[in-house]
Structures are given as structure tokens and as C-alpha cells.
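Under the numbering used here, the first residue of the sequence shown is numbered 6, with each subsequent residue one higher.
Here's the structure, in C-alpha cells; my notes come after.
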Amino acid sequence: MKNQLSTQFESKEWREGEEERMGKNGYLPLFETRPARGLVFFRSYAASIFIGICFICFHRVSYFPETERWVWVGMFVVELWFSFYFFITVIVKWNPVFRSTFKDRLSSRFEEEELPGVDIFVCTADPRLEPPTMVVSTVLSVMAYDYPPHKLSVYLSDDGCSDLTFYALLEASRFAQLWLPFCRKLKVEPTSPEAYFQTTPEPVDDVFMANEWLIIRKSYEDMKSRIESITSLGKVPAHRRNEHKGFDEWDFVLSRHHHPSILQILIDGRDPNAIDIEGKALPTLVYLAREKRPQIHHNFKAGALNALIRVSSRISNAAFILNVDCDMYSNNSKAIKDALCFFLDEGNGHEIAYVQYPQAFDNLTENEIYGSLRVLMKLELAGFDGNGGPCYVGTGCVHRRESLSGMKYSEELAVELKAMKYDKKIIGSASFNEEDCKALASCTYEENTPWGKEKGVKYGSLVEDVLTGMSIQSKGWRSVFFNPQREAFLGMVPTTLLDTLVQHKRWGEGELQIFLSKHCPFVYGRPNMPLKLQLSYCIYNLWAPNCFATLYYVFVPSFCLFRGISLFPKISSSWGIPYLYVIFVHRVHSLVEYVWLGGTVRGWLNEQRMWMFKRTTSYFFATIDHILKIFGFSKSAFAITGKVADDDVHRRYEQEIMEFGTRSPMFTVLATLALFNLLGLIAVLTNNVAIDDARMKIFDIFSFQILLCYVLVFINLPIYQGMFFRKDSGKIPVSVTLQSVAFALLASTLAIY
């Protein structure tokens, strides 16, 4: 699946071969596009499932029971919903395409001074949840790209307005003088010092290099120790504040939500004295904490990115912008050159608005206990690309400044982009720009302007990234997905169940918000987005509504077991065959797909568990919250996912023991459903029917419901362990257990009587 990417629209020009393109513009292409292999097998599988679904629907319509028809109709509606969602999934995976780049051609075609500048945005929001040591390790990783350093400008947006983060960045600006030459000399990968020294052993073949390796590691550990000691203090001591004038800005900070703009250029790439220990230029490094006032909504991460777009346009104004989250460090120093192979391609580069890299993670357990985004990042985005272009996922994305600034694609603009030269320089002193740019980051600058609506990152959704990407595509631009052999970025996944569920609640609510607004892909994207791309967006837009169908399937069949109501054909009936076929083949395909993408069998089981947990809790509460917002009973809030965990939590995560530990309505729902299905299974297995023939008849009638109960009980094993068998602090709290037992017994009693 790697080392390739997706075509955009199926235009004839986009699919021209290398020879034809070379004849047209005199150059070989800088990238190539290949369709996925083995599509005939997937399409045969999809067709067979479709036939099975048709038989199931015919059975549901033809065999209405005489009593309890409401539950039968409910099952039919739910299965129609699952069929519709399967149809969308098939559309996404019908034609995935993959890309590879030719960086050697890029290097031979463009001299160093002819390469475009690149602005890199790193966003952080809270030093308690996103430790400054982690933030600056990410910053150092992107400063060390294999790219002319004077063409790079790195901007850190600190929405927490923390002098601790500023101090850490100041330390990093000094360490960069050692780190960047070291990376060039040893061709370091990854270029994050934290990740590099954790994963790379000391060189043993070269004594000189081993000595330098030890010196650099000690310098990094000393820097890290200073940052961590000051972070633990919670304030920067006076003698450290005297090291830089920028600390004076915090004299005017009332709180993280009430302060003026703070902007400091720690390294000015235009300054001839801004060099490393080898005399080579350093990238520009800028700290920004945009102005905030309590009475003015700041639009979360989207607002921070828009402030960076404006400020960077005055300081460096690079043609391309890379944005990464503060926990997502560079794992591939060639990533910028890979992206430029798309933008600078003479044949189609002028049409491309952004290049999206997949998210990958370096703290996943072997079997990914809380699931992962494996299928989404490695296959579904490639499917999006084949249907018209991947969505923007908020990090690991290189944008063209024109498209991110709201420009529509047109033939006139294409001519300008083709003729554009990238050796432009910003004129003016750094100190002038530093003061001048503060106004661009004020909280009132965007009033009565198109920012957040037609320009920049879009407001009005908890998933501003998806909405922004859709807006760009609706203006005629194309996007591409690129999954290089060596992952471009590595980040962190949540290490507790609650953090995972809360994160997906935000995503699910944001996607539903888009679907039910004027930005629905069928309305917003209609002029320039092909129908198959509009449908592709629904795979995520409809995450949240999936909760109702899933809850019905998890609860109602067990409820009907108590009442002796059969919802499926007899196992001995020929009508049971399509049900068995669809269930078995669909799950086997899911397993094969997951393992093919690099996962494990146990990882797939964990993925199925999390699939059910998210649908019955995250997406359920997301839907409820959005309904409350529509009626004005709730407001949007952006929850930051914690990047730190205490030692006990981390140890259990490494051991793949599911973490509960706190009270949450989500845990109450999960535990209640788990207990209810367990009681339903026990009720069937302990049925007092003495005659074997009668017992076999019962199993014949209720086989599918019993099988479903077995599967649900198996999936919920960690819940039972957390309630009844674990003694550690990560177990389900006793109060949650008691509530769930009471709710499950009440539901069972109602079912029986």
C-alpha cells in the first residue's frame, strides 16, 4: 500500500502517461500515479455482499411476523442503514490510487536558490497536556529537514500563552546550532532528538563519530533537564527571564485567556549572524501567542492557524505551508521535497492545493489496544484520492498558500502559477516585522473580514480541517495523498479509553455538524466536486448517526431473547444462508484487509471492540450534544487530548490492559450494555427445557441472536474484568459498576415481564 498515491479527478489530462506529458512540456513528470492492485477481488467481494444484502432485504419484506412487528421493522430499517453505509464504504475503496515521487528529477531541475520557501506551523495549546519538551522536539525535527535552511521558517503557535513554552523554544533555538549540523553529518532519521536518541544506538565503528554522538546527546539531555525542571516549578526564574527580552511580554499577561499578542523572532533567517556551529544558515524561528480576550471567541486551532497565515505572510511569505501538531514530529527528512514533487510538476502541479500525508503513531502497542487509524490513513484516504482528492486531516499537510488564503482555481491563476519564480525575498528588518505583525494576531483583526469564512482555515465546525479541505476542493483545486515508504510523521495516540472516546466524540460531532449545515458535501461541493467524492465524505460525516443502528443491534436482539421473540430466520432454513454469508465474508474481508495493512489478528479484534465502543458511546453522545446545540442548550468546546500519563497508566497501556479509572457516563453505557447481553446469554443457556428436542428447537430458532450475544460478550470481556476481577486503580469505579448492574437488571426485568 506504500510508496504510491492517488489520482484526483478522472480527467484525461490527469491520467496522461509519462511519454505524452514529456512531449507536451519537455519534462519528465516529478511523480507517478498507479492504481491499487487486486481490485478485482475487492469488487467481486463487494458484489457478492450486495447480492447477499438483496436476499436479506427480500426475506425481511416477505416474512413479516404476525406479532411484535415493530422490532422486525426496526431490524429491517437498521439493516438498510448498514447496507447504505456499506455502499458508501465500497465507493471509497472502489478505486484507490497510490503515488511515488522522483526527488532526483526535482534536484536536477531546480537549483537550491530556485526552490520555494516553506513555512512550517506547529500548534500547541496547553503545557500541562502537551509538555514543552515534546513541543520543542517536534520543532527541532522540522527545522532539520533536508532542505536549504534559509528557505525554511518555523512558527510555533502557543495558544496557552505559556512562558514555559517560550523558554523551551528559546533553549531549542540554541540547541539547533548543534543539532542541525549533526543531522546533516550523520543523515539522522528521525530528526526529533527525543525519538532519535531513544531508538538509535551509539555508533561503534567510528570513534570520532561516537564521541560527537555522546556530546550531542549530553547537550540534549542537559537542555531537556533544564526545561523539565523549570516546567515542574511552574514558572521561569528571574535569572532565566533575563536571558531574553521576550519574557518582558508576560508582564502584561493576565491569564492564558486574557493577554495581548506576543510575537518573538528567536532566529532571523535573514540575519547573516544566524548560523550554526559550521557556519551554515539556520531556519527562521518564530514564537506567537495571539491576542485573546474573554469576551471574544478565539475559534480554537482554526483561529491559531489563521493568525499564523497572516503573520507568516509578513515575515517570510513562503509559497507553501506545512502544518503539524506539536506531538507529530518529522520522521522523514525528505518529506518537503516529496511534497514539492507534486506542486512543482510542470504537467499538473499548478492544480494541486495540498498534499496530505497519513497520520502514523510511534506509541501504539503491538496489538493497538484502543484501535488505530490504520485503515482510514492507509486505504480510505487513497480511495478518496481516486475519487477526487483526500480530505484535509489537520496535520501532516503541505498547502499552497494561495489555496489556503481563499483563492479559487482558474485557468488565469494556473498560468500565473506556472510562470511563478520562487526566489522572492521579504524586505525589511526583523524588528520592524516583529512589531508590525502583532496587529495581525490581534483578536479583533478578523472582524468584518472573510477570515474563517472565505479565507484561511474555516470556522463553524469542531473538525475545521475537514471543512477547510472540502472548501478548497469546492473552489476547483485538487489535492493528493502521499504515503511514502518511510512514514513522514509520527505522533501519539491517547493512552486511555476515555481519552480515545472523547476524541472520537469531538470528531463525530464535528462531522455531523458539517453534514447538517450548509457545508454538506452534496450542497457545498456540488459545482466542482465529483459525486463520488461527495459520497466519500459521508463515510465520516455519518459516523455519529451510526450510533442508533448499532445501539439497536446491541440491545434489541438480547431484549427479544428474554421475551422469546425471534428476529432472524432459523439456522436450518435456507434463508439463514445469506445472513451467514454476509456476516462471515464481511468480517473475514475486514480481517484480511487489516492484516494486509500491517496489523495483527489481535489488533483487528481490538479494532472491532473499539468500533462498537465508539458507536455506542462517543457517537451517541456526539449526536445528543449536537441536537442540544441546535436548540441552544449547549456550546461548542474543543477538548485537547492529553499527551502525558502517570507511570501506572503508562505501564498498563504498555501491557495492553484497558484503562478505565474514572467515572464517566460513557463507561456506564458500556457496562450496562455488556451486563445486559451477559444476562441474556445466561438466560438462554440456563433455560429449564429438559427435553433435548425442545432445546434443539430453541437453538434452531434463536441461533443468530445467541451467536450475536456470544460475540458481544466476547467483545466486552475487558468490561467484565474491569468491573469484577481487577484490583488496580485502572478498574471501573465501584459506583459505575453498581449503576450499571442496576440498569441492566431493570432492563432484564422489563424484558421478562
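C-beta: ideal position from N, C-alpha, C; glycine also.
Taking only beta-carbon positions, decide if residue i is within less than 7 Å of chain E.
| i | result |
| --- | --- |
| Val-403 | Chain labels in this structure do not include chain E; a single protein chain is all it has. |
Assuming residue i contacts residue j under a Cβ cut-off of 8 Å, what Cβ separation, rounded to an integer in Å, is found between them?
| i | j | result |
| --- | --- | --- |
| Ser-338 | Thr-196 | 5 Å |
| Ser-484 | Tyr-359 | 5 Å |
| Phe-126 | Asn-278 | With 8 Å as the limit, Phe-126 and Asn-278 do not qualify as a contact, their Cβ atoms being about 26 Å apart. |
| Ser-377 | Phe-366 | 7 Å |
| Ser-53 | Val-597 | About 14 Å separates the two Cβ atoms, so there is no contact after all. |
| Gly-735 | Phe-665 | 6 Å |
| Leu-219 | Glu-207 | 7 Å |
| Glu-296 | His-262 | Contact doesn't hold; Cβ gap of about 11 Å is too wide. |
| Thr-677 | Leu-506 | In fact, because the Cβ distance is near 15 Å, the residues do not count as touching under 8 Å. |
| Val-141 | Glu-176 | 7 Å |
Would you decide whether residue i is buried or exposed? Buried here means 16 or more other CB atoms lie within 10 Å of its CB.
| i | result |
| --- | --- |
| Tyr-150 | buried |
| Pro-526 | buried |
| Phe-103 | buried |
| Ala-41 | buried |
| Cys-552 | buried |
| Met-701 | exposed |
| Ser-522 | exposed |
| Ile-425 | Reading off the sequence, residue 425 comes out as Met, not Ile. Exposed. |
| Asn-216 | exposed |
| Leu-722 | exposed |
| Ala-243 | exposed |
| Ala-495 | Going by the sequence as given, residue 495 is Leu instead of Ala. Result: buried. |
| Gly-28 | A caution first: Gly-28 carries a pLDDT of 43, below 50, which makes its placement in the model unreliable, though a value can still be read off. With fewer than 16 Cβ atoms within 10 Å of its Cβ, Gly-28 is classed as exposed. |
| His-302 | exposed |
| Leu-293 | buried |
| Gly-637 | exposed |
| Val-403 | buried |
Following the continuous alpha helix (DSSP H) through residue i, name the residue where it begins and the one where it ends.
| i | result |
| --- | --- |
| Phe-625 | 624 to 635 |
| Ser-146 | 137 to 148 |
| Asn-216 | 212 to 238 |
| Leu-470 | Strictly speaking, residue 470 in this sequence is Asp, with Leu absent from that position. First-last of the alpha helix (DSSP H) with Asp-470: 469 to 479. |
| Leu-157 | That residue, Leu-157, is in no alpha helix (DSSP H); its beta strand (DSSP E) goes 157 to 163. |
| Gln-613 | 606 to 618 |
| Val-593 | 581 to 601 |
| Thr-742 | 739 to 757 |
| Phe-187 | 168 to 191 |
| Arg-246 | 243 to 246 |
| Val-209 | Segment: none, Val-209 is in no alpha helix (DSSP H) and carries neither H nor E. |
| Thr-677 | 670 to 690 |
Give the straight-line distance between the Cα atoms of residue i and residue j, rounded to the nearest whole angstrom.
| i | j | result |
| --- | --- | --- |
| Arg-491 | Ser-335 | 11 Å |
| Pro-299 | Pro-670 | 30 Å |
| Val-147 | Cys-62 | 54 Å |
| Arg-20 | Glu-351 | A caution first: Arg-20 carries a pLDDT of 47, below 50, which makes its placement in the model unreliable, though a value can still be read off. Cα-Cα distance, rounded: 14 Å. |
| Ile-477 | Tyr-584 | 42 Å |
| Val-78 | Pro-562 | 13 Å |
| Gln-710 | Val-718 | 12 Å |
| Lys-831 | Ser-112 | The first residue shown for the chain is 6 and the last is 758, placing residue 831 beyond what the model contains. |
| Arg-620 | Ser-318 | 42 Å |
| Asp-109 | Ala-340 | 14 Å |
| Leu-369 | Asp-210 | 32 Å |
| Val-291 | Leu-467 | 27 Å |
| Thr-72 | Ala-756 | 16 Å |
| Leu-345 | Ala-324 | 11 Å |
| Tyr-59 | Leu-85 | According to the sequence shown, residue 59 is Cys rather than Tyr. Looking at the two C-alpha atoms, the distance is approximately 10 Å. |
| Ile-582 | Arg-592 | 15 Å |
| Thr-205 | Val-498 | 22 Å |
| Leu-381 | Gly-685 | 34 Å |
| Thr-94 | Ser-541 | 8 Å |
| Arg-231 | Glu-194 | 25 Å |
| Phe-730 | Ala-749 | 19 Å |
| Gly-569 | Asn-682 | 15 Å |
| Gly-773 | Leu-120 | Missing from the structure shown is residue 773; the chain here goes from 6 to 758 and no further. |
| Tyr-160 | Cys-128 | 8 Å |
| Glu-87 | Ala-554 | The sequence given here places Phe at residue 87; Glu does not occur at that position. Straight-line Cα distance between these residues: approximately 8 Å. |
Check for me: the beta strand (DSSP E) holding residue i runs from which residue to which?
| i | result |
| --- | --- |
| Ile-272 | 267 to 272 |
| Tyr-359 | 357 to 361 |
| Phe-487 | 483 to 488 |
Can you list the alpha helix (DSSP H) stretches of 4 or more residues lying completely in the region 499 to 577, in chain order?
-> Within the region 499 to 577, the runs of alpha helix (DSSP H) that reach at least 4 residues and sit entirely inside it are, in chain order, 502 to 520, 526 to 529, 536 to 546 and 551 to 568.
Output the residue ranges of the beta strand (DSSP E) runs that lie fully inside the region 369 to 422 and measure 3 residues or longer, sorted by chain position.
-> The qualifying runs are 402 to 405.
Which whole runs of the beta strand (DSSP E) in the region 19 to 107 are 3 residues long or more, in chain order?
-> 36 to 40 and 102 to 106, all fully within the region 19 to 107.
Residue ranges of each alpha helix (DSSP H) run of no fewer than 4 residues wholly in the region 273 to 354, ordered along the chain?
-> Listed in chain order, the complete alpha helix (DSSP H) runs (minimum 4 residues) inside the region 273 to 354 are 305 to 320 and 340 to 348.
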